[in-house]
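Engineer: The sequence shown begins at 106 in this note's numbering and counts up by one. First the structure, then my questions, so here it is.
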Amino acid sequence: MPSTSDLLSLLYVTCNFLFILHYSNAAVLQKVLLQDAVEKGAVCLDGSPPGYYVRTGSTAPNKWIIHLEGGGWCYNEDDCVSRSKTKLGSSKNWADNLTESGLLSDDCTVNPHYCGWSVVFVGYCDGASFAGNVDAPVNWKGTTLHFRGFRILEA
């Protein structure tokens with residue numbers, strides 16, 4: 106019978122292999138922050154600029170897949186303050202590149218119907234499914250919150 110350390114080593118190797126296998130068919134999208142949108146009031150929960158990730162299609166650049174990221178809602182002020190410090194409430198810590206697979210993949214063996222299409226992945230950072238449109242920021246326990254998801258979609 107293999108030892109515990111042997112089993113853990115095998116598990117580590119297997120997980121790394123699966124990770125590499127999963128991401129070998131992944132597409133890289135570039136981050137775009139909408140600095141001009143801030144002037145129009147379109148901001149994330151914490152007031153940072155909204156944004157998206159984009160990849161131009163190789164064979165059908167004028168055909169688009171637009172993916173709106175999900176992430177649930179914040180249901181009260183304390184919950185929204187907590188969310189405003191994460192990537193679901195702020196763009197401050199979004200990565201410069203996003204790696205996607207499946208329907209957003211540019212690998213035609215994985216995604217034969219849409220692999221050459223352009224892709225936009227709209228980052229979710231408002232806490233209310235792109236539905237908020239409150240003019241005045243809300244101050245809660247020293248934190249300013251912006252509920253402006255609808256304006257993000259308009260931007």
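The C-beta atom is built at its ideal place from N, Cα and C for all residues, glycine as well.
So Phe255 is in the alpha helix (DSSP H); what residue range does that whole segment cover?
Structural biologist: Counting along the chain, the alpha helix (DSSP H) containing Phe255 begins and ends at 254–259.
Engineer: Taking DSSP as the reference, what is the three-state secondary structure of Gly156?
Structural biologist: Here Gly156 sits in strand by DSSP.
Engineer: Using C-beta distances below 7 Å, list every residue in its chain close to Pro154, excluding the 5 sequence neighbours before and after it, in chain order.
Structural biologist: Same-chain partners within the cutoff: Leu138, Leu139, Gln140, Ala142, Val143, Val148, Ser196.
Engineer: Which of the three DSSP states is assigned to Glu174 in this structure?
Structural biologist: Coil at Glu174, not helix or strand.
Engineer: Cα separation between Val186 and Pro242?
Structural biologist: Looking at the two C-alpha atoms, the distance is approximately 12 Å.
Engineer: For Ala162, which of Ala200, Cys220, Arg188, Lys145 has the nearest alpha-carbon?
Structural biologist: The sequence as given places Gly at residue 162; Ala does not occur at that position. It is Cys220.
Engineer: In whole angstroms, what separates the C-alpha of Gly152 from that of Leu250?
Structural biologist: The alpha-carbon atoms of Gly152 and Leu250 are separated by roughly 7 Å.
Engineer: Out of Leu258, Gly237, Ile257, state which residue places its alpha-carbon closest to the alpha-carbon of Tyr180.
Structural biologist: The shortest Cα separation from Tyr180 among Leu258, Gly237, Ile257 belongs to Gly237.
Engineer: Give me the Cα-Cα distance between Arg256 and Asn216, rounded to the nearest whole angstrom.
Structural biologist: Roughly 32 Å between the two C-alpha positions.
Engineer: Can you check the segment 187–230 for any beta strand (DSSP E) of at least 3 residues that lies completely inside it and give the ranges in chain order?
Structural biologist: Runs found: 202–205, 222–227.
Engineer: Can the beta-carbon of Leu193 be found closer than 8 Å to that of Gly176?
Structural biologist: For Leu193 and Gly176, yes; Cβs fall inside 8 Å.
Engineer: Measuring straight from C-alpha to C-alpha, what distance separates Gly207 and His172?
Structural biologist: Their backbone Cα atoms lie some 12 Å apart in a straight line.
Engineer: Could you tell me whether the Cβ atoms of Glu174 and Phe252 are closer together than 8 Å?
Structural biologist: In this structure, Phe252 does not lie closer than 8 Å to Glu174 by Cβ.
Engineer: Do you know how far the Cα of Thr164 is from the Cα of Gly146?
Structural biologist: Cα to Cα, Gly146 sits roughly 36 Å from Thr164.
Engineer: When DSSP labels each residue in this structure, what does Ala165 get in the three-state scheme?
Structural biologist: In the structure shown, Ala165 sits in a strand (DSSP, three-state: E or B).
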